[in-house]
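One structure below.
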Ligand code: FPP
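In this note's numbering, the protein residues as written are 456 to 698.
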């Protein structure tokens, strides 16, 4: 089916509000082509840029979250980690003007403290420069882990001296680092593995999950629309009985 036809079909039905993506498969994509892992990440960044541009232009989804670096990714070789951080910094600095003009609001989700100073500065600048925008809420999950996020919520509850009775699911959700975002309706993972790998855990309670063997650098507009069409075919009953 052509991209236009698919777009038309997808637009005709309810769309998710928040789509979160686990961008997996850069390394394997590169290996298959006889290229270095870093080249895989470079192509992965281009795929992310292509998707952001498409979603922004077509106004398909108001919230997009990209899992760019997990708390477990520190176990990778130092050169690869440094390359990823430079790539992200380059992306943020290089695209800030375009993002700001397109009405994109950039957020960081994760613990920024262990990140390189230059990357942190680029993020802080971009977050501040786009804080008033709301055409597309783009969140980059960086040094993020679902367990870290839950623990962070617990730490905040303890620091506030939250009472035993006052703490419920709703009040606890407001203490999570993701509190400003609606819960993800749809989580897409590329690269063939069927797991969450410590991405959104609490927030994913009612998310629809979608796993595709497509490697992240090959995940294009067509693949994204096909994922959305799959989402639209599901019945979301949030634990209730749907008749
Ligand atoms: C997974 O591939 C990918 C990552 C750990 C990094 C993802 C980061 C980017 C694509 C950078 C771009 C992000 C933005 C916001 C511009 P992998 O290395 O785990 O692949 P493999 O499983 O095939 O080894």
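A virtual CB, placed ideally from N, CA and C, is assigned to each residue, including glycine.
Coarse secondary structure for residue i, derived from DSSP in three states
i           : result
residue 481 : helix
residue 626 : helix
residue 693 : coil
residue 516 : coil
residue 663 : strand
residue 669 : coil
residue 468 : coil
residue 530 : helix
Distance between beta carbons of residue j and residue i, contact taken as under 8 angstroms
i           : j           : result
residue 587 : residue 565 : So it is not a contact: roughly 23 angstroms between Cβ atoms.
residue 475 : residue 642 : 5 angstroms
residue 640 : residue 496 : The Cβ separation is near 28 angstroms, so there is no contact.
residue 526 : residue 598 : 6 angstroms
residue 594 : residue 562 : 4 angstroms
residue 519 : residue 591 : 7 angstroms
Proximal residues to residue i (C-beta, below 6 angstroms), its chain only, five neighbours per side dropped
i           : result
residue 604 : 631 and 632
residue 557 : 511
residue 584 : 555
Residue range of the alpha helix (DSSP H) that includes residue i
i           : result
residue 572 : 572 to 584
residue 686 : 676 to 687
residue 547 : 533 to 556
residue 610 : 601 to 614
Limits of the beta strand (DSSP E) - the one that residue i falls within
i           : result
residue 496 : Not the beta strand (DSSP E): residue 496 falls in the alpha helix (DSSP H), residues 492 to 513.
residue 651 : Run containing residue 651: none; DSSP gives neither H nor E here.
residue 631 : Here residue 631 belongs to no beta strand (DSSP E), and DSSP marks it neither H nor E.
Cut-off 8 angstroms between Cβ atoms - residues of its own chain near residue i, not counting five sequence neighbours on either side
i           : result
residue 665 : 641, 642, 643, 644, 682, 685 and 686
residue 612 : 622, 627 and 630
Neighbourhood of residue i by C-beta, 7 angstroms cutoff - its chain only, sequence neighbours within 5 removed
i           : result
residue 479 : 644, 645, 646, 648 and 671
Hey, is the stretch 605 to 622 in contact with the stretch 528 to 536, meaning 3+ C-beta pairs nearer than 8 angstroms?
no
Touching or not, the stretch 647 to 654 and the stretch 676 to 694, by the rule of three or more beta carbon pairs under 8 angstroms?
no
Could you check whether the stretch 564 to 578 touches the stretch 615 to 626, counting it as contact only if at least three pairs of C-beta atoms, one from each stretch, sit closer than 8 angstroms?
no
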